[in-house]
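For the protein sequence lines, the chains are W and E, in the order given.
When we follow this note's numbering, the leftmost residue of the first sequence carries the number -7, and every step to the right adds one.
When we follow this note's numbering, the leftmost residue of the second sequence carries the number 2, and every step to the right adds one.
All C-beta atoms, glycine included, are put in the ideal place defined by N, C-alpha and C.
Predicted model only: the values in this text are computed from it and were never measured.
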Amino acid sequence: METKEDRELYFYLKLTREFEDRVSKLHRQGKILGGVYSGMGQEAIVVGVCYGLRREDFISPIHRDMGAFLVKGVDPKRLMAQLFGKKTGLSKGKDSFLHAGDLERGVFGSTSMLASSLPVATGAALKFRIKKEPYVAVAFFGEGASSRGDFHEALNFAGVHKLPVIYVCENNFYAYSTPQNLQMAVEDIAIRAEGYGFKGAVCSGNDLHAVMKTAHAAIDRARRGEGPTLIECKTYRYHGHSEHDQSWYRPKDELIEWESRDPIQRFEIYLEKRGNNVDQIKDETEKRVKETVDEAVRFAEESPWPDGKEALEDLYANPF
Amino acid sequence: MPTTFIKAIHDAMFEEMKRDDNVFLLGEDVGILGGAFKATEGFLQEFGAERVIDTPISESLIIGAAIGAAILGMRPIAEMQFGDFITCGYDQLINMAATLRYRHGGRAQVPMVVRAPSGAGVHGGLFHSQNPESYFLPVPGLKIVAPATAYDAKGLLKAAIRDNDPVLYFEHKYLYRRIQEEIPEEDYIVPLGKAAVRREGSDMTFITYSAMLYPSLAAADRLKAEAGMEVEVIDLRSLRPLDWETVFRSVRKTNKVVIIHEDRKTGGIGGEISARISEECFDALDGPIIRVTSEDTHYAFSPPLEEFILPNVDKILAKAKALAAY
Ligand SMILES: Cc1ncc(C[n+]2csc(CCOP(=O)(O)OP(=O)(O)O)c2C)c(N)n1
């Protein structure tokens, strides 16, 4: 039987895919400048982890995590305007892309410096601990980012203080062109948790239910004060590293194999198995998704550019 | 055939690796991919994975490992995918590389190069547009170069590779494919620490480097056409050591100075140059020393913001004309 939760999960999966697909197209048309990074193929991770999080829970998404913004309730219109560099974007044109957050919805805007958000998410968890608040912090990162000291420094501290933080590694086996075997001598990033005194878990990042089960167990433990977890989701990005990259360094059949494990198709099969009329749900969802994305694009296109001198604003909380 | 700025960088490394097998490369995606900007295309095939190393994302490791190999006689070239990420290896550069020889009483050296694609103007946003040279300027022990032409890009990189000190090589990515020129086939170097006079003049001196050379030259041409002024344009090329002799000689000739750089005004090298000129040539000055730089803010993404922030020909012209009126 169909449930409200199934409907919502399906909506977010489809919304994420369509949103990113549209962003790729707009980038090709020259309407979105700069670097654009697609998380296509990895949607189940962000949707599965973020679905059910509270507004106060803190997340720090990375460059492929459009879905995390959407599930956490960031307005798709402002998100699209952000990518366009418009005044109505989250950063008012200061940067494009996902370098702006929406702290009212617990979404932190990262920098480009990979893994730099892990110590910050750890600090958010520290606040929850100090104030005895029942919230969690979730930090997303790629396997590539886990090579930086910031990753290790964050996990070490979280382990010492048993902080309510969940580190979610989206392992898509490539850091730009660099395959995993040139990045680390271990197969599972999750085993590193042991070195910091807490548990790691590996799951399929293309299986929404596997992600949800693993993540929700970790989130519950964190809320109960039982400390951090390092979750590794094995997945694959369909597109190149950025939209400028043809990713010829990856074997063709690898992509085909992963496409056969598509997270959205997989969820549709699940819906079907539960006795739903999938065609009908699909039609309805696609219509709703298309309306949402169309509206976001229209909003972004019609929004004004910032004024040049606004470049000098927002530097200080207490300007002189 | 004209050589682009990026090809000049490619060729400098290629020729040096052929010439000296102590030269090797390390950085993110320098091997299989041939570099994010294709600076090392074909290197893996030519020199193999022992000398062209795709590293993990770990700038501290990239720079630190380069230091370790360099003190034992290798000549590593470390690539930062974007210059902005050099901050992630800052400690290794500032505390380790820069002080190494000093604290070993002169009995050690660190012959290494860190290549860092820097600069704005390509819609890179906050973290792909910075000009990090001023983060390093006060640090003794490091050398800093920033070429503007393809000829210099090649010659300075070769000199940097052969130099026995750690050299930061800031290559402006705006120039990669926009600049090209005929350069000699035979081996040559451009010595570190020597500026180039790109245009002779007696009415005013423009001091600049890297991508700002081009709007500076264009502004000089327009001042000639519009006001009959002859502007001397100095391309510093090396920021540390800096060729003060060429700077002071020009100031004594023209008596008026505009310093143009893309880095921000506060703490940028223009302040240092201005102060030194006041100390050394105060009697020769016929007006204030003027700076045209980026605004004191972050390198914002949105096109109208980026345009507002960056120096351009019109901004240089306006300042130069005001100075000319003194
Ligand atoms: C500190 C730092 N170094 C280099 C880069 C350039 N860079 C951006 S994304 C990327 C690859 C990231 O790989 P991974 O963390 O596995 O995430 P994925 O892109 O595969 O999702 C690199 C090298 C960066 N953003 N930050």
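### Query
Heavy atom of ligand 1 less than 6 angstroms from the Cβ of Ala60/W, yes or no?
Because no heavy atom of ligand 1 lies under 6 angstroms away, the Cβ of Ala60/W does not count as near it: no.
#### Entry: Neighbour-count burial assignment, Pro242/E, 16 or more Cβ in a 10 Å radius
Its Cβ having fewer than 16 others within 10 Å, Pro242/E is exposed.
### Query
Quick one: does Ile95/E have its CB under 7 angstroms from some CB of chain W?
No, its Cβ sits nowhere closer than 7 angstroms to a Cβ of chain W.
### Task
Consult DSSP for Tyr210/E and reduce its assignment to one of helix, strand or coil.
Here Tyr210/E sits in coil by DSSP.
### Query
What residues from the segment 101 to 134 of chain E come within 7 angstroms of chain W, judged by C-beta to C-beta, listed N to C?
Residues of the segment 101 to 134 of chain E with a Cβ closer than 7 angstroms to any Cβ of chain W, in chain order: His124, Gly125, Gly126, Leu127, Phe128, His129.
### Query
Tell me which same chain residues have a C-beta within less than 8 angstroms of the C-beta of Arg9/W, skipping the five on either side of it?
Taken in chain order, the residues that qualify are Met32, Glu35, Ile256.
### Task
Kindly list the residues whose CB is nearer than 7 angstroms to the CB of Gly98/W, restricted to its own chain and excluding five residues on each side of it in sequence; keep chain order.
Closer than 7 angstroms at the Cβ level, and outside the excluded window around Gly98/W, lie Arg47, Glu48, Asp49, Phe50, Ile51, Lys64.
### Message
Which of the three DSSP states is assigned to Ala219/E in this structure?
### Response
In the structure shown, Ala219/E adopts helical secondary structure according to DSSP, grouped into three states.
### Query
Should Arg238/E be counted as a contact of ligand 1 given a C-beta to heavy atom distance under 6 angstroms?
Result no, Cβ not under 6 angstroms from ligand 1.
### Query
Are any of the Cβ atoms in chain E nearer than 7 angstroms to that of Arg14/W?
It does not: the Cβ of Arg14/W has no partner Cβ on chain E nearer than 7 angstroms.
### Task
Identify, in the order they occur along the chain, each residue of the same chain with its Cβ nearer than 7 angstroms to the Cβ of Gly84/E, setting aside the five sequence neighbours on each side.
So the list reads Ala117, Pro118, Ser119, Gln131, Pro133, Phe171, once near-sequence residues are dropped.
#### Entry: Residues that Glu(-3)/W contacts on chain E, provided the C-beta gap is smaller than 8 angstroms
The premise fails here: Glu(-3)/W is roughly 36 angstroms from chain E at the closest Cβ pair, so nothing lies under 8 angstroms.
### Query
Near Gln238/W, which residues of its chain fall below 7 angstroms by C-beta distance, leaving aside the five closest residues on each side in sequence?
Same-chain partners within the cutoff: Gly232.
### Residue-level contact to chain E via CB, Met105/W, 7 angstroms cutoff
Yes, its Cβ sits closer than 7 angstroms to a Cβ of chain E.
### Task
Thinking Gly200/E and Val232/E are a contact (beta carbons under 8 angstroms), I'd like their distance in whole angstroms, please.
As written in the sequence, residue 200/E is Arg, which differs from the Gly given in the question. Contact annotation, Arg200/E with Val232/E: C-beta distance approximately 7 angstroms; criterion of less than 8 angstroms satisfied.
### Message
With H, G and I counted as helix, E and B as strand and the rest as coil, what does DSSP make of Phe100/W?
### Response
Per DSSP, reduced to three states, the secondary structure at Phe100/W is coil, with no helix or strand assignment.
### Task
Return no unless some Cβ of chain W is closer than 7 angstroms to the Cβ of Leu286/E.
Chain W contact via Cβ: absent.
### Task
Could you name the residues of chain E that Asp57/W contacts, counting a contact when the two beta carbons are closer than 9 angstroms?
Against chain E, the beta carbon of Asp57/W has no neighbour under 9 angstroms; the closest one sits roughly 17 angstroms away.
### Message
Taking the straight line between their C-alpha atoms, what separation do you get for Tyr300/E and Asp166/E?
### Response
Roughly 31 angstroms separates the two Cα atoms.
### Those residues which DSSP pairs with Arg76/E across a bridge
Beta-bridge pairing links Arg76/E to Val24/E.
### Query
Within the chosen definition, does the segment 286 to 298 of chain E reach the segment 269 to 278 of chain E through at least 3 CB pairs nearer than 8 angstroms?
Output reads yes: the segment 269 to 278 of chain E touches the segment 286 to 298 of chain E.
### Cut-off 7 angstroms between Cβ atoms - residues of its own chain near Met213/E, not counting five sequence neighbours on either side
The answer, listed in chain order, is Ile261, His262, Glu263, Pro312.
### Query
For the segment 102 to 113 of chain W against the segment 146 to 155 of chain E, are there 3 or more C-beta pairs whose distance is under 8 angstroms?
No contact exists between the segment 102 to 113 of chain W and the segment 146 to 155 of chain E.
#### Entry: Bounding residues of the alpha helix (DSSP H) (the contiguous stretch that carries Val63/W)
Element bounds for Val63/W: 58 to 63.
### Within chain W, partners of Glu29/E - CB distance below 8 angstroms
Here the neighbours are Ala167, Tyr168, Thr170.
### Query
From Val130/W, Ile158/W, Gly27/W, Leu174/W, pick the residue whose C-alpha is nearest to that of Gly136/W; which is it?
Taking only the C-alpha atoms, the option nearest Gly136/W is Leu174/W.
### Message
Just checking Met14/E against ligand 3 - is the residue's beta carbon closer than 6 angstroms to any of the ligand's heavy atoms?
### Response
You won't find ligand 3 in this model; what it holds is ligand 1.
### Task
In the DSSP assignment, find the beta strand (DSSP E) that holds Asn163/W and state where it starts and stops.
For Asn163/W, the enclosing beta strand (DSSP E) has its first and last residue at 157 to 163.
### Message
On a Cα-Cα basis, can you pick out the residue from Leu324/E, Leu306/E, Gln82/E, Gly36/E that is closest to Val258/E?
### Response
Ranking Leu324/E, Leu306/E, Gln82/E, Gly36/E by CA distance to the CA of Val258/E puts Leu324/E first.
### Query
Using a threshold of 6 angstroms, is the CB atom of Phe86/E nearer than that to any non-hydrogen atom of ligand 1?
Indeed, a heavy atom of ligand 1 lies less than 6 angstroms from the Cβ.
### Task
Would you mind reading off the limits of the beta strand (DSSP E) that contains Ile235/E?
Membership of Ile235/E in the beta strand (DSSP E) is indicated by the continuous run 232 to 236.
### Query
For Cys89/E and chain W, any beta-carbon pair shorter than 7 angstroms?
Judged by the 7 angstroms Cβ criterion, Cys89/E is in contact with chain W.
### Same chain, Cβ closer than 8 angstroms to Tyr91/E, five either side skipped, listed in chain order
Here Tyr91/E has Tyr136 as same chain residues with Cβ atoms under 8 angstroms from its own Cβ, once five neighbours each way along the sequence are excluded.
### Query
At a CB-CB cut-off below 9 angstroms, which residues of chain E make contact with Ser30/W?
Result: empty, since nearest Cβ-Cβ is about 17 angstroms, beyond 9 angstroms.
### Query
Nearest-angstrom Cα distance between Pro148/E and Glu60/E?
Rounded to the nearest angstrom, the two C-alpha atoms are 23 angstroms apart.
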